[in-house]
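Enquirer:
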Amino acid sequence: MRDIRLIDRAFNPGTLIGPFTQANPGLGGVCTFVGEVRGETDVQALELTHYEPLTLPGMHDLADHAFARFNLMGLLMVHRIGVILPGEPIVVVSAAATHRRDAIDAVDFCMDHLKSAAWFWKREQRGDGWHWIEPREQDFSDRERWEK
Amino acid sequence: MITLVFLGKLADLAGRAECECALTSGAINWPDLLALMEDHLNTAIAEAALADRTKLALNGAVLADKTALIARDGDEIALLPPVSGG
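So the sequence lines, in the order shown, correspond to chains A and B.
Our numbering puts the first residue of the first sequence at -15, with every later residue one more than the last.
Our numbering puts the first residue of the second sequence at 1119, with every later residue one more than the last.
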């Protein structure tokens, strides 16, 4: 079961994770990460821009790599685009596998790549206007772990 | 006609997310693209395009070497600054 998509409106991760788990009968473990817009004091909204010809194909490439690297039964990867409010989910990655380590590592791998190597551009709206956000050093080093 | 697409903060620099430029010749290369942006848009976006971290996609495929660009009538060139998702 492979479900990779972009979504342009608020969504409830639970409504995706339930059917995803059901669609992988016999799994030994499922690991799910949900990222949300932090409720920081000054951040009013986030906006995620994408580029149609690259973004979704890039997520499919990432899923291919995850399937090649880990022993997976299924992978769900859903990323929001557009304007997102504090408390709303931005991303959900869920992996189903026979054994827990593959599920946990696959989610970690996908998230590290979505943060700093997927075709998204993020800006946040604060009291004084919009500010583009670039990955932190930590985001790059998190991703480089997988190249070793 | 060639379409330029500016992603992320490059859209702010260019003052637009997209721009269509008429070509005077059949094809343009990397120096031509820089000159085109300089003439039709501004110096800031041409300089940003030169930055190492700015990548280029031609018709949806990222170029390994942007300076090897050859774009023809009807092509779409996207300028891609550093990404940030999740």
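Virtual Cβ for every residue (Gly too), placed ideally from N, Cα, C.
Keep in mind the model is a prediction, meaning the values are calculated, not measured.
What does the alpha-carbon distance come out to for the pair A/Asp48 and B/Leu1128?
Expert: Here residue 48 of chain A refers to the residue found at position 64 of the first sequence. Here residue 1128 of chain B refers to the residue found at position 10 of the second sequence. The straight-line gap from Cα to Cα measures roughly 30 Å.
Enquirer: Out of A/Asp(-8), A/Asp126 and A/Leu60, which one is the CA nearest neighbour of A/Val18?
Expert: Position 34 of the first sequence, counted from the first residue, corresponds to residue 18 of chain A. Closest by alpha carbon: A/Leu60.
Enquirer: To the nearest angstrom, how far is the alpha carbon of B/Arg1190 from that of B/Pro1199?
Expert: To locate residue 1190 of chain B, count along the second sequence from 1; it is residue 72. To locate residue 1199 of chain B, count along the second sequence from 1; it is residue 81. Distance between the alpha carbons of B/Arg1190 and B/Pro1199 is about 23 Å.
Enquirer: Under a Cβ-count criterion, where at least 16 other Cβ atoms within 10 Å of its own Cβ denotes burial, should A/Val146 be classed as buried or exposed?
Expert: Residue 146 of chain A lies beyond the stretch modelled for chain A, which goes from -15 to 132, so this question has no answer here.
Enquirer: Does chain A have any CB closer than 8 Å to the CB of B/Gly1133?
Expert: The count along the second sequence starts at 1 and reaches residue 1133 of chain B at position 15. Chain A contact via Cβ: absent.
Enquirer: Would you mind reading off the limits of the beta strand (DSSP E) that contains A/Pro3?
Expert: Taking the first residue of the first sequence as 1, we reach residue 3 of chain A at position 19. Element bounds for A/Pro3: not the beta strand (DSSP E) but the alpha helix (DSSP H), Pro(-3) to Gln6.
Enquirer: Please list, in chain order, the chain A residues whose beta carbon lies closer than 7 Å to that of B/Gly1204.
Expert: As a position in the second sequence, residue 1204 of chain B is number 86, starting the count at 1. Gly19, Ile74, Val75, Met95, Leu98 and Lys99, listed in chain order.
Enquirer: In angstroms, rounded to a whole number, what distance separates the CA positions of A/Ser78 and A/Asp86?
Expert: By one-based count along the first sequence, residue 78 of chain A stands at place 94. By one-based count along the first sequence, residue 86 of chain A stands at place 102. Answer to the nearest angstrom: the Cα atoms are 11 Å apart.
Enquirer: Does the Cβ-Cβ distance between A/Pro70 and A/Gly23 come in under 8 Å?
Expert: Translated into the one-based positions of the first sequence, residue 70 of chain A becomes position 86. Translated into the one-based positions of the first sequence, residue 23 of chain A becomes position 39. Yes, the pair counts as a contact, with Cβ atoms nearer than the cut-off.
Enquirer: Could you give the first and the last residue of the continuous beta strand (DSSP E) run that contains B/Ala1189?
Expert: In the second sequence, the residue the question calls residue 1189 of chain B occupies position 71. First-last of the beta strand (DSSP E) with B/Ala1189: Ile1188 to Arg1190.
Enquirer: Chain A beta carbons: is any one of them nearer than 8 Å to that of B/Leu1151?
Expert: Position 33 of the second sequence, counted from the first residue, corresponds to residue 1151 of chain B. No - not a single Cβ of chain A is within 8 Å of the one on B/Leu1151.
Enquirer: Assuming A/Arg(-7) contacts A/Leu32 under a Cβ cut-off of 8 Å, what Cβ separation, rounded to an integer in Å, is found between them?
Expert: Translated into positions along the first sequence, residue -7 of chain A becomes position 9. Translated into positions along the first sequence, residue 32 of chain A becomes position 48. No, A/Arg(-7) and A/Leu32 are not in contact; Cβ-Cβ is about 12 Å, not under 8 Å.
Enquirer: Where in the region 21 to 107 of chain A do unbroken runs of the beta strand (DSSP E), each at least 3 residues long, occur, reported from the N-terminal end onward?
Expert: Fully enclosed beta strand (DSSP E) runs of 3 or longer: 29 to 34, 56 to 64, 66 to 68 and 73 to 81.
Enquirer: Spatial neighbours of A/Ala101 within its chain, please: CB distance less than 7 Å, with the 5 preceding and 5 following residues excluded, ordered by chain position.
Expert: Indexing the first sequence from 1 puts residue 101 of chain A at position 117. Closer than 7 Å at Cβ, skipping near neighbours: Arg127.
Enquirer: Could you tell me which residues DSSP puts in a beta bridge with B/Ile1195?
Expert: Here the question's residue 1195 of chain B lines up with position 77 in the second sequence. DSSP, once it has assigned bridges, lists B/Leu1122 and B/Leu1176 as partnering B/Ile1195.
Enquirer: Relative to the C-alpha of B/Gly1126, which residue among B/Ala1167, B/Ala1179, B/Ile1188 and B/Lys1184 is closest?
Expert: Residue 1126 of chain B sits at position 8 when you count from the first residue of the second sequence. When each option's Cα is compared against that of B/Gly1126, the closest is B/Ala1167.
Enquirer: Is it the case that the region -5 to 10 of chain A contacts the region 50 to 60 of chain A, given that we only count it when at least three CB pairs across the two stretches are under 8 Å?
Expert: A contact exists between the region 50 to 60 of chain A and the region -5 to 10 of chain A.
Enquirer: Give a yes or no on whether 8 Å exceeds the smallest Cβ distance from A/Ala102 to chain B.
Expert: What you label residue 102 of chain A is simply residue 118 of the first sequence in a count that begins at 1. So, interface residue.
Enquirer: Tell me which residue opens and which closes the alpha helix (DSSP H) that A/Glu121 is part of.
Expert: The residue given as residue 121 of chain A occupies position 137 in the first sequence. Residues Glu121 to Glu128.
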